[in-house]
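Trainee: Structure in structure tokens, see below.
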Amino acid sequence: MTKDGKEMKWTRKDLLSLEELSREEIEMILQTADSFKEVSSREIKKVPALRGKTIANLFFESSTRTRTSFELAAKRLSADIINFSSAGSSTSKGENLRDTARNIEAMQIDTIVMRHSSSGSAEYLARSLKAGVVNAGDGTHEHPTQGLLDLFTIRGRKKKFEGLNVCLVGDILHSRVARSNIWGLKKLGAKVTLCGPPTLIPKEIENLGVEISYDLDSVLPKQDVLNILRIQLERQSHAFFPSIREYAAEYGISNERMKKAKKDVMVMHPGPVNRGVELSGEVADGEQSVILEQVTNGVAVRMAVLFLTTLVERG
Amino acid sequence: MTKDGKEMKWTRKDLLSLEELSREEIEMILQTADSFKEVSSREIKKVPALRGKTIANLFFESSTRTRTSFELAAKRLSADIINFSSAGSSTSKGENLRDTARNIEAMQIDTIVMRHSSSGSAEYLARSLKAGVVNAGDGTHEHPTQGLLDLFTIRGRKKKFEGLNVCLVGDILHSRVARSNIWGLKKLGAKVTLCGPPTLIPKEIENLGVEISYDLDSVLPKQDVLNILRIQLERQSHAFFPSIREYAAEYGISNERMKKAKKDVMVMHPGPVNRGVELSGEVADGEQSVILEQVTNGVAVRMAVLFLTTLVERG
Amino acid sequence: MTKDGKEMKWTRKDLLSLEELSREEIEMILQTADSFKEVSSREIKKVPALRGKTIANLFFESSTRTRTSFELAAKRLSADIINFSSAGSSTSKGENLRDTARNIEAMQIDTIVMRHSSSGSAEYLARSLKAGVVNAGDGTHEHPTQGLLDLFTIRGRKKKFEGLNVCLVGDILHSRVARSNIWGLKKLGAKVTLCGPPTLIPKEIENLGVEISYDLDSVLPKQDVLNILRIQLERQSHAFFPSIREYAAEYGISNERMKKAKKDVMVMHPGPVNRGVELSGEVADGEQSVILEQVTNGVAVRMAVLFLTTLVERG
């Protein structure tokens, strides 16, 4: 139900970004996820909602966690799921992507879940297919289901977003998770601060209505939520910061630093955690961490997304 | 029903080749595929026909498309399916094949779908197992389900085979798809022409009752169906033709060349297409192309084959 | 039912070793496997016992056979099963294992089936998770489901274990299969002899109540069961024996050597067999071999283990 009491209807065959969703659409997904979260806590974790539907996991970048989360979501909805491994493909990527996807679609797949290293690839695919496309991460653009599960987890603990202070910490530059969080949090009314080394925060991102800080200790005390981004250690050679040790000293969340934070601050991380770099082991496993709750919620949110997109009336 | 009005009964636990099938058996598979094609177009694309049966995909050569097509076929019949990856197997191939297959069979698998680089391997396996064996491509011998889906697609458009002119274009020498097409088309009454560079057409193949041509432009005008074979670019080093550019000029199907063809000619290709080599992008995506229809029909035909072989009474 | 007529109740969420199981627990698994063996021989090889439960296969060492056996067991119980491939993981193993497993658990997986190269890893995991853990082989420690399927196969032929002479032949030193067999056989009352080259039999293993022999021909005549262990040819460089030919001459089971054995001796092997090394092809395929029966029984035993551990009341 929307605010004015009318029942809302889902109209998208694709989930490509949080940028394109309205506040009402985001809330509809979160409400749908509420009921599916309950399913996963039952003795029999399965509903027949997508029986006879076919979902394809098409991952051009490897990702055990996200792929598995979608696979479980599909199975708990009783859909059939097919995993495509695209390693070792020798043809040119652009052509290959479209041809591969059209072949998959021709097998009467209902929804394709795709991860790809090129920003915009999910949208490109969605335009050329009748099948639904769920973006499971496209380059540095967006990772909308991660954004949605972060919203779902915050909402579960803090109940409302209005007036909530959320700080995204770390590598904003390369992070599709950050971008989906920013769009989602802003639409739901939270105040968003980005904090990290100047080299890892693009200047023009201020235009999205977020605050920027390079000094974690100064912004930390007022935050209700810390969403700590993963440092991609393999990108270290680009020298975005002097050393891992210095990064950890300036932006790593340690027990010591946590003393400056609110008692009820939520610590989030999309995983996998580099313990001792962006987060100490104690904080990752501590009482304020909701990292594993995020994983649990990820299945529920993905069930909601697959449910809504797969059952939409197709044009 | 056969022509004399008696109901036919399927009697084979294996599908090894189109060479060994009678015209009636081929027609029975195509008729069974008719009803399964309808299943894949339903809202709920699933029937309980093989519930509690187990199918194993045993692919010694990688093939995402064919493997996926069989996997979907099995799932839409409600069978359980197990994928074996056989990469990294260190034991000698001959021994390994039999031992691997007997181990799989011992887990009470009903039907093994196998792709293998050795011609005759599927037949070898079928003789030593009680489980059914479906040949998903054995060396340069046959790829019977591809042949059947090609027949099914032609039949869907042209209704009958008698008097139909079908031309297979390209690398006949290495093509198991060509061999299965020849057997199937001849049994159903079509006239078959093989066209390609002399180095890629084995002379003795004339004995199968086909015509041979090295000049595509001269045979093109009378064809009702063009089945364009894939050029295996990785075999280029063997120098079966001077260059890809020359191959494309002589045997590639371009928009220009299509002007010489019948208005209602069908353009087929087993995929994946090397755009600009054996087929231009415009033709591949054009109105006469049935390439994606072939992919759709592949699932229906494989459902029919798995259904018939798995439910046959075993000796 | 236990001997004193009371109904026994399964109380373990994990299956980590045969060492920790009581005789009654082992018998309970074997009795449960009896009924599941019947399921796999039905036309419809499936029961709804674990519908809506989720099993995860987490294999840090590759193993097509064991992984497939567990996958089939889960599917025939109607559970959902997820396969994790852990190849290419770059983080330090110790941390990674716990974090990976806790992430999997957070997706509300009921039971994790794990193979890992470190002895004790399954127990380590079981202690930190609410999810059940089934050890599918941990280093050189134990491979309890292999031990159980060996017991199940012996019991199927020999009916009782009291007074039965069982000889494990070959590489005892590196064999987790040997260790699980020793614990299980001793608990059920069999007499166990270990036979192999002195370099491959650890001295202190006598403390488990087994006999040791380095001379196969002298102990062979009195054995009721020969369980032939696999020689890991890749470990040959360590020079535990002079050459494969000499190993085969001393400890390989040939037709010639079989003449010295009892008429009704059972020949077992966990597979895959190195034909001509630890076992001749004739013996492997001969009348006394129960190797494929072991494979069949493996599915039934794993169904029993997944059934009992997954449905136990969790603390």
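Residue numbers (the numbering used here), protein chains in the order written: chain A, 1 to 315; chain Y, 1001 to 1315; chain E, 2001 to 2315. Built from N, CA and C at the ideal position, the CB exists for glycine as well.
1) For the stretch 1257–1278 of chain Y, list every residue whose C-beta sits within 9 Å of some C-beta in chain A, in sequence order.
2) For E1019 (chain Y), collect the residues of the same chain with a Cβ closer than 6 Å to its Cβ; drop the 5 residues on either side in sequence, then sort them by chain order.
3) Kindly indicate which three-state DSSP category E2043 (chain E) falls into: helix, strand or coil?
4) Taking C-beta pairs closer than 8 Å, name the residues in chain A that F2084 (chain E) reaches, listed in chain order.
5) So what does DSSP say about M2008 (chain E), is it helix, strand or coil?
6) If you draw a straight line from the C-alpha of K2263 (chain E) to the C-alpha of K2159 (chain E), how long is it?
7) Under the rule that 16 or more other beta-carbon atoms within 10 Å means buried, what is L15 (chain A), buried or exposed?
8) Can you pull the chain A residues whose beta carbon is under 7 Å from the beta carbon of A2106 (chain E), in chain order?
9) So for S2280 (chain E), helix, strand or coil by DSSP?
10) By Cβ distance, which residues of its chain are closer than 8 Å to E1071 (chain Y), with the 5 residues on each side in sequence left out?
11) May I ask you to verify whether the stretch 55–69 of chain A touches the stretch 26–45 of chain A, counting CB pairs closer than 8 Å and requiring at least 3?
12) Please report the distance separating the alpha-carbon of E1204 (chain Y) from that of V2277 (chain E).
13) Could you please give me the residues that DSSP links to A1998 (chain E) through a beta bridge?
14) Does T274 (chain A) pass the burial test, meaning 16 or more other C-beta atoms within 10 Å, or should it be called exposed?
15) Relative to chain Y, which residues along the stretch 2034–2053 of chain E have a C-beta separation below 8 Å, given in chain order?
16) Counting contacts by CB-CB distance shorter than 7 Å, is V2299 (chain E) in contact with chain Y?
17) Is any beta-carbon of chain Y found at less than 7 Å from that of L2148 (chain E)?
18) For N1103 (chain Y), would you say it is in contact with chain E, using Cβ-to-Cβ distances shorter than 7 Å as the test?
19) Is there contact here, the stretch 171–189 of chain A with the stretch 147–158 of chain A, by at least three beta-carbon pairs under 8 Å?
20) Can the beta-carbon of I201 (chain A) be found closer than 7 Å to that of I172 (chain A)?
21) Tell me which residues of the stretch 149–166 of chain A have at least one Cβ-Cβ distance to chain E shorter than 9 Å, keeping chain order.
22) Counting only Cβ pairs nearer than 7 Å, list the residues of chain Y close to E2071 (chain E).
23) At the 7 Å Cβ level, is T1187 (chain Y) part of the contact set with chain A, yes or no?
24) Counting C-beta neighbours from all protein chains within 10 Å, is the total for S17 (chain A) 16 or more, i.e. buried, or is it exposed?
25) Do you know whose CA, among Y:G1137, Y:A1131, Y:E1162, Y:A1126, lies nearest R1067 (chain Y)'s CA?
26) From which residue to which residue does the beta strand (DSSP E) around A2136 (chain E) run?
27) Pull up the distance between the alpha-carbon of P2242 (chain E) and that of V2219 (chain E), whole angstroms please.
28) If you reduce the DSSP assignment to three classes, tell me which class R65 (chain A) lands in.
29) Compare the Cα-Cα distances from T64 (chain A) to each of A:P272, A:T309, A:T199, A:G281 and report the closest residue.
30) Near R302 (chain A), what residues of its chain come up, given a Cβ to Cβ distance below 6 Å and the 5 sequence neighbours on each side ignored?
31) What's the gap between the Cα of R2157 (chain E) and the Cα of V267 (chain A)?
32) In this structure, how does DSSP classify G2298 (chain E) when only helix, strand and coil are distinguished?
33) Check the Cβ-Cβ distances between K2075 (chain E) and every residue of chain Y, and say whether any is below 7 Å.
34) Using three-state DSSP, classify I2104 (chain E) as helix, strand or coil.
35) Leaving out five residues on either side along the sequence, give the residues of the same chain with a beta carbon under 8 Å from the beta carbon of R257 (chain A).
36) Only counting the same chain, and skipping five residues up and downstream in sequence, which positions put a Cβ closer than 6 Å to that of F1036 (chain Y)?
Mentor: Reading off the structure:
1) G1271, P1272, V1273, N1274, R1275
2) Translated into the one-based positions of the second sequence, residue 1019 (chain Y) becomes position 19. W1183, listed in sequence order.
3) For the purposes of this step, residue 2043 (chain E) is identified with residue 43 of the third sequence, where counting begins at 1. Coil at E2043 (chain E), not helix or strand.
4) By one-based count along the third sequence, residue 2084 (chain E) stands at place 84. Those within 8 Å of F2084 (chain E) in chain A are T64, T68.
5) Position 8 of the third sequence, counted from the first residue, corresponds to residue 2008 (chain E). Reduced to three states, the DSSP call for M2008 (chain E) is coil.
6) What you label residue 2263 (chain E) is simply residue 263 of the third sequence in a count that begins at 1. What you label residue 2159 (chain E) is simply residue 159 of the third sequence in a count that begins at 1. Between the alpha carbons of K2263 (chain E) and K2159 (chain E) lies a gap of roughly 17 Å.
7) As a working note, residue 15 (chain A) is residue 15 in the first sequence. The residue in question, L15 (chain A), is buried, as its Cβ has 16 or more Cβ neighbours within 10 Å.
8) Translated into the one-based positions of the third sequence, residue 2106 (chain E) becomes position 106. Those within 7 Å of A2106 (chain E) in chain A are L292, V295, T296.
9) Reading the third sequence from its first residue, position 280 is the one you call residue 2280 (chain E). The DSSP-derived three-state label of S2280 (chain E) is coil.
10) Counted from its first residue, the second sequence places residue 1071 (chain Y) at position 71. The residues are N1057, I1081, N1083.
11) no
12) Here residue 1204 (chain Y) refers to the residue found at position 204 of the second sequence. Here residue 2277 (chain E) refers to the residue found at position 277 of the third sequence. Each residue's Cα considered, the two are about 45 Å apart.
13) An answer regarding residue 1998 (chain E) cannot be provided, because it is not within the stretch 2001 to 2315 covered by chain E.
14) Taking the first residue of the first sequence as position 1, residue 274 (chain A) is located at position 274. Just to set this straight, residue 274 (chain A) is Asn in the shown sequence, not Thr. It counts as buried.
15) S2040, S2041, R2042, E2043, I2044, K2045, K2046
16) Locating residue 2299 (chain E) in the third sequence gives position 299, counting from the first residue. It does: the Cβ of V2299 (chain E) has a partner Cβ on chain Y nearer than 7 Å.
17) Walking along the third sequence from the start, residue 2148 (chain E) turns up at place 148. Not closer than 7 Å to any Cβ of chain Y, the Cβ of L2148 (chain E) fails to qualify, so no.
18) Translated into positions along the second sequence, residue 1103 (chain Y) becomes position 103. Yes, N1103 (chain Y) counts as interfacial toward chain E.
19) Yes, they touch.
20) What you label residue 201 (chain A) is simply residue 201 of the first sequence in a count that begins at 1. What you label residue 172 (chain A) is simply residue 172 of the first sequence in a count that begins at 1. Yes.
21) none
22) Position 71 of the third sequence, counting from 1, holds the residue named residue 2071 (chain E). What E2071 (chain E) touches in chain Y: I1082.
23) Sequence index remark: in the second sequence, residue 1187 (chain Y) carries index 187 (1-based). Checking the sequence shown, residue 1187 (chain Y) turns out to be Lys, not Thr. No, no contact with chain A.
24) To locate residue 17 (chain A), count along the first sequence from 1; it is residue 17. It counts as buried.
25) Along the second sequence, one-based indexing puts residue 1067 (chain Y) at 67. Selected option, being the one with the closest Cα: Y:G1137.
26) Along the third sequence, read from residue 1 onward, the residue named residue 2136 (chain E) stands at position 136. Taken as a continuous stretch (DSSP letters only), the beta strand (DSSP E) holding A2136 (chain E) covers 2132–2138.
27) Within the third sequence, residue 2242 (chain E) is the residue found at index 242, counting from 1. Within the third sequence, residue 2219 (chain E) is the residue found at index 219, counting from 1. One C-alpha to the other measures close to 22 Å.
28) Position 65 of the first sequence holds residue 65 (chain A). The DSSP-derived three-state label of R65 (chain A) is helix.
29) Working through the first sequence from its first residue, we reach residue 64 (chain A) at position 64. With distances taken between Cα atoms, T64 (chain A) lies closest to A:P272.
30) In the first sequence, the residue the question calls residue 302 (chain A) occupies position 302. Around R302 (chain A): S69, F70, A73, T145.
31) By one-based count along the third sequence, residue 2157 (chain E) stands at place 157. By one-based count along the first sequence, residue 267 (chain A) stands at place 267. Those two C-alpha atoms are separated by around 59 Å.
32) Looking up residue 2298 (chain E) in the third sequence gives position 298. Three-state result, G2298 (chain E): helix.
33) Locating residue 2075 (chain E) in the third sequence gives position 75, where the first residue counts as 1. Yes, K2075 (chain E) lies at the interface with chain Y (some Cβ there is under 7 Å from its Cβ).
34) Position 104 of the third sequence, counting from 1, holds the residue named residue 2104 (chain E). The answer is helix: DSSP assigns I2104 (chain E) an H, G or I state.
35) Looking up residue 257 (chain A) in the first sequence gives position 257. Closer than 8 Å at the Cβ level, and outside the excluded window around R257 (chain A), lie L216, D217, L220.
36) Numbered from its first residue, the second sequence carries residue 1036 (chain Y) at position 36. Excluding sequence neighbours, F1036 (chain Y) sits near A1300, M1303, A1304.
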